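Counting the first sequence from 1 gives a position; this note's numbering is that position plus 26.
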Amino acid sequence: MPELPEVETVRASLTPLIQGKTIRDVGTNWGKILTNGLDQFQEQVAGQRVERLDRRGKYLLIRLSGGLTIVSHLRMEGKYELVQHADDPMHKFVHVWLTFTDGSQLRYRDSRKFGRMTLVKTGEEMHLSGLRTIGPEPTEATFDVDAFYQTLQRHKKAIKSVILDQSTVAGVGNIYADECLWLAKIHPETPANHLTKRDAKRLRDTIIEELALATKARGTSAHTYLDATGHKGDFQNQLHVYDRKGQPCDRCATPIEKIKVNQRGTNFCPHCQKIK
DNA sequence: CGATGCCTGCCC
DNA sequence: GGGCAGGCATCG
């Protein structure tokens with residue numbers, strides 16, 4: 027489900043719901059989601075307090091007392107919700123639950139079971155496969171134009187694949203990749219090394235700005251995304267190409283086309299986004 | 001590198 | 001029934 031704006035919105039909405047609570051117990055009905063295994067998870071997490079929630083790219087980092095961090099990735103469909111009573115009726119797709127000492131319960135729902143939670147010592151999360159190679163956060167201070175341009179120069183594959191690669195820049199997924207390429211007027215299949223320094227600068231600025239705007243709008247609910255309070259985002263109203271196949275381009279009225287780039291559905295304007 | 005597996009629901 | 005879906009790790 028979520029890209030950076032959605033994960034950030036989950037982080038912000040979940041924080042006041044669980045911060046300060048002490049975990050009494052952990053349960054699951056789909057062991058693969060807890061990559062360390064339920065027993066180890068249970069043993070280490072029981073009795074710890076939720077101190078704060080951080081985010082890195084699309085990873086949610088639940089900081090616990092005892093020097094522990096739950097690294098949570100929602101993949102396509104993962105969602106969190108808090109219920110006030112652990113015995114409230116359980117939704118069909120709840121696969122992991124943390125029960126707190128006050129009787130409330132954090133539930134992780136994931137119809138496709140793609141999401142993962144890994145327990146690590148705080149500070150060691152960067153050794154995990156996804157976080158070890160993660161690129162810069164898309165902010166002015168951290169997303170360096172020159173480094174980005176160097177990355178583009180090294181790849182002759184489609185620019186869309188390069189910005190979807192989390193080691194290039196953290197947090198861009200399929201929706202925002204298409205949107206940013208439309209905003210920057212770059213064809214998604216342009217070989218990355220055909221882009222000029224100016225193109226790189228424009229695309230980098232666009233990514234920073236677009237993800238910030240989408241975060242401000244509390245994310246995009248194109249399909250099923252909801253934050254931790256069950257609310258949709260608002261940014262689906264500001265999309266230009268994603269899910270708009272056949273509809274007129276907002277700049278030139280040419281119908282939006284949909285193709286496949288690296289097995290991912292890809293929406294673009296064939297007039298505004300010419301291949302180089 | 002690109003392709004495949006992981007899962008389930010939904011829409012044609 | 002087939003194809004598709006905000007993603008990633010792993011395989012060849």
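C-beta atoms are modelled at their ideal positions from N, C-alpha and C, and glycine is treated no differently.
Small disclaimer: the values here were computed from a predicted structure and weren't measured.
Asked	Found
For Q299, I'd like the list of residues in its chain whose CB is within less than 8 angstroms of its CB, leaving aside the five on either flank, ordered along the chain.	L207, W208, K211, I212, H213 and P214
Got a sec, what are the start and stop residues for the beta strand (DSSP E) N293 sits in?	R290 to F294
Can you give me the Cβ contacts of V188 inside the same chain, cut-off strictly under 8 angstroms, excluding the 5 residues immediately before and after it?	T177, L178, H181, T194 and A218
Apply the 10 Å Cβ neighbour rule to I285 and answer buried if 16 or more other Cβ atoms are within range, or exposed otherwise.	exposed
To the nearest angstrom, how far is the alpha carbon of E32 from that of H297?	30 angstroms
Taking the alpha-carbon of R75 as reference, which of L124, K258 and A196 has the nearest alpha-carbon?	L124
Using 7 angstroms as the threshold, is the C-beta distance between G104 and T148 below it?	no
Where do the ends of the alpha helix (DSSP H) carrying Q70 lie?	L64 to V71
Have a look at T95 and V71 and give me their C-alpha separation to the nearest angstrom.	9 angstroms
Between S130, L239, R82 and R290, which has its C-alpha nearest I49's C-alpha?	S130
Does the segment 49-60 come within contact of the segment 263-273, defined as at least 3 CB pairs closer than 8 angstroms?	no
Helix, strand or coil: which one does DSSP assign to H121?	strand
Taking the Cβ atom as the reference point for each residue, do R135 and R81 lie within a distance shorter than 7 angstroms?	no
Excluding sequence positions up to five away, which residues of its chain have a Cβ less than 8 angstroms from the Cβ of I234?	P164, T165, E166 and F169
Spatial neighbours of A226 within its chain, please: C-beta separation below 7 angstroms, excluding the five flanking residues on both sides.	V171, F174, Y175 and L178
For the alpha helix (DSSP H) that contains E34, what are its first and last residues?	L30 to I44
Would DSSP call A210 helix, strand or coil?	coil
Tell me the rounded alpha-carbon separation between A279 and H117.	43 angstroms
Starting from the C-beta of L43, find all residues in its chain whose C-beta is less than 7 angstroms away, skip the five residues before and the five after it, and write them out in chain order.	L108 and A254
Would you check if the distance between the CB atom of L132 and the CB atom of N62 is smaller than 7 angstroms?	no
How about H220 and K139: are their beta carbons less than 7 angstroms apart?	no
Among L40, A112 and A243, which residue has its Cα nearest to the Cα of L86?	L40
Hey, out of D204, G197 and A196, whose CA is closest to A184's CA?	D204
Please say whether G245 and G83 have beta carbons closer to each other than 7 angstroms?	no
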